[in-house]
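Data block below; observations after.
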Amino acid sequence: MSGEGEGVRLRVAIVTWRSRDLVERCLRSLFAHTRVEGMEVVVVDNASGDGTVELLRERFPQVRVVANDANLGFTRATNQAMAGAGTAPVLLLNPDTELHGTSSGPA
């Protein structure tokens with residue numbers, strides 16, 4: 041995973057609110073089925089209060105977590121996730137997304 045800025049070829053942005061278990065499955069499937077060099081994953085949590093942020097920081101240290109103190113809504117949280125992406129394309133995923141199969145695309 042790359043940090044914000046230089047070298048990022050794809051940013052995956054996920055906005056969560058009270059979807060701890062769903063986002064865990066989403067991220068597990070994402071990392072199991074993608075091999076994109078320079079992929080950065082950003083999860084913005086809208087003050088879920090359900091342990092999402094703690095789970096992300098503990099189990100997915102490669103994910104950049106933005107923990108909001110209040111529910112800012114989907115649009116504002118999406119803008120937070122996209123900030124700093126530069127020219128890299130952004131893939132916006134819902135936390136209930138699960139990938140299946142294998143990737144045959146370029147690494």
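Residues 41 to 147 in this note's numbering are what the sequence shown lists, from first letter to last. For each residue, glycine too, the CB sits at the ideal point set by N, CA and C.
Inset, instruction - State the DSSP-derived secondary structure class of N111, mapped to helix, strand or coil. - result: As a working mapping, residue 111 is identified with position 71 in the sequence shown. N111 falls in the coil class under three-state DSSP.
Inset, instruction - Within the same chain, show all residues whose beta-carbon is closer than 7 Å to that of P135, passing over the 5 residues directly before and after it, in chain order. - result: Numbered from 1 along the sequence shown, position 95 holds the residue referred to as residue 135. Only I54, T56, S59, L62, V63, C66 meet the Cβ criterion.
Inset, instruction - Would you decide whether E80 is buried or exposed? Buried here means 16 or more other CB atoms lie within 10 Å of its CB. - result: Numbered from 1 along the sequence shown, position 40 holds the residue referred to as residue 80. Buried is the call here.
Legend entry - Three-state class that DSSP yields for A53 in the structure shown: Taking the first residue of the sequence shown as position 1, residue 53 is located at position 13. Residue state, collapsed to three classes: strand.
Inset, instruction - With a 10 Å radius around its C-beta and 16 neighbouring C-beta atoms as the bar for buried, classify G47 as buried or exposed. - result: As a first step, residue 47 is located in the sequence shown; it is residue number 7 there, counting from the start. Under this definition G47 is an exposed residue.
Inset, instruction - Determine which residues share a DSSP beta bridge with M79 and list them. - result: By 1-based counting over the sequence shown, the position of residue 79 is 39. BP columns for M79 point to L50.
Inset, instruction - Give the range of the alpha helix (DSSP H) segment to which V63 is assigned. - result: Translated into the one-based positions of the sequence shown, residue 63 becomes position 23. Unbroken alpha helix (DSSP H) run through V63: 60–73.
Legend entry - Straight-line Cα distance separating G78 from A128: As a working mapping, residue 128 is identified with position 88 in the sequence shown. As a working mapping, residue 78 is identified with position 38 in the sequence shown. Approximately 10 Å, taken between the alpha carbons.
Inset, instruction - For A110, count neighbouring Cβ atoms within 10 angstroms of its own Cβ and tell me buried if that reaches 16, exposed if not. - result: Counted from its first residue, the sequence shown places residue 110 at position 70. By the 10 Å Cβ count, A110 comes out exposed.
Legend entry - Check whether V76 and R49 have beta carbons under 8 Å apart: Taking the sequence shown and counting its residues from 1, one reaches residue 76 at position 36. Taking the sequence shown and counting its residues from 1, one reaches residue 49 at position 9. Cβ distance < 8 Å, so V76 and R49 count as in contact.
Legend entry - Under the three-state DSSP convention, the category L133 falls into: Within the sequence shown, residue 133 is the residue found at index 93, counting from 1. In the structure shown, L133 sits in a strand (DSSP, three-state: E or B).
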